[in-house]
Amino acid sequence: MFIESHPEYAAAKWARHLDVSLSGYYSWKDRKEQRQKEVDEFKKMIKTIFQESKGTYGVDRICGELRKRGKTASYHRVKRFMDDMGLHSIHKRRRQRSLTDSRRARGDEYVNLVKDLEITEPFQVVSSDISYIRTMKGFEYLCTVKDIASGIVLAESMAEHMNSDLVLATIKKALNRWHLPAGTIFHSDRGSQVRQEVA
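UniProt numbering numbers the first residue of the sequence shown as 1 and each following residue consecutively.
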């Protein structure tokens, strides 16, 4: 707005000149300041959770923790704010090493259906992730199922124990809620929770 970008002029003068009510201008300004305050508080909460995790939480985990604390957490919004603040999880690098070791130990028993696959459509490939979050009762495990193409979390479940039942329950939620089409590929890190029953 012109008034906002030219503070050297009286707001009332420019409000009359531009045919904008002074009350309308100040109402707009108050709403803008309130939105910015909410954004700043939200980003501060993201940073606090990230620091509490000692840099191990990625976008999915932080979304889960925000929801546990009563906040609406969009994957893309949290990711954008984390990128803005330069917050990048170290968990991905650690997990990649452990996955490499586990895959080497298992050999080529499981075929990677998404290797070199160009993912362009929603529900073409969905993936699961299990993370631990701190609650009032201690630590619980959060399982999420996410659409790879859009990054949208399709379903999530929490449990005190990390096992195949947790993964299966989350997959069933995603199936019932989104009616995933036939041919959807379910991709995971092929950990023991998935290999027990899901794979």
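No residue lacks a Cβ here, since even glycine has one placed at the ideal position from N, Cα and C.
Beta-carbon proximity of residue i to residue j, cut-off 7 Å
{"i": "Ile133", "j": "Glu65", "result": "yes"}
{"i": "Ile128", "j": "Val167", "result": "In the sequence as displayed, the identity of residue 128 is Ser instead of Ile. In contact: Ser128 and Val167 (Cβ atoms closer than 7 Å)."}
{"i": "Ser150", "j": "Pro122", "result": "yes"}
{"i": "Ile90", "j": "Gly138", "result": "no"}
{"i": "Lys79", "j": "Val59", "result": "yes"}
C-alpha gap between residue i and residue j, whole angstroms
{"i": "Ile49", "j": "Ile62", "result": "7 Å"}
{"i": "His161", "j": "Met85", "result": "33 Å"}
{"i": "Tyr57", "j": "Gln51", "result": "9 Å"}
{"i": "Ile130", "j": "Arg35", "result": "33 Å"}
{"i": "Leu154", "j": "Val145", "result": "6 Å"}
{"i": "Glu118", "j": "Ile152", "result": "18 Å"}
{"i": "Arg177", "j": "His88", "result": "30 Å"}
{"i": "Ser164", "j": "Arg77", "result": "30 Å"}
For residue i, the first and last residue of its enclosing beta strand (DSSP E)
{"i": "Glu156", "result": "153 to 159"}
{"i": "Gln129", "result": "The residue you asked about is not Gln; residue 129 is Asp in the sequence shown. Start and end: 125 to 135."}
Residue burial classification, residue i (beta-carbon count within 10 angstroms, cutoff 16)
{"i": "Met136", "result": "exposed"}
{"i": "Ser157", "result": "buried"}
{"i": "Ser74", "result": "exposed"}
{"i": "residue 213", "result": "A query on residue 213 cannot be resolved here, the shown segment of the chain reaching from 1 to 199 and no further."}
{"i": "Thr72", "result": "exposed"}
{"i": "Asp116", "result": "exposed"}
{"i": "Thr170", "result": "buried"}
Residue i - containing alpha helix (DSSP H), residue span
{"i": "Gly86", "result": "Segment: none, Gly86 is in no alpha helix (DSSP H) and carries neither H nor E."}
{"i": "Thr144", "result": "From DSSP, Thr144 is part of no alpha helix (DSSP H) but of the beta strand (DSSP E) over 138 to 147."}
{"i": "Asn176", "result": "164 to 178"}
{"i": "Arg69", "result": "Run containing Arg69: none; DSSP gives neither H nor E here."}
Residue i (DSSP reduced to helix, strand or coil)
{"i": "Ile119", "result": "coil"}
{"i": "His76", "result": "helix"}
Residue-level contact to chain B via CB, residue i, 7 Å cutoff
{"i": "Gln34", "result": "Absent from the structure is chain B; it holds one protein chain and no more."}
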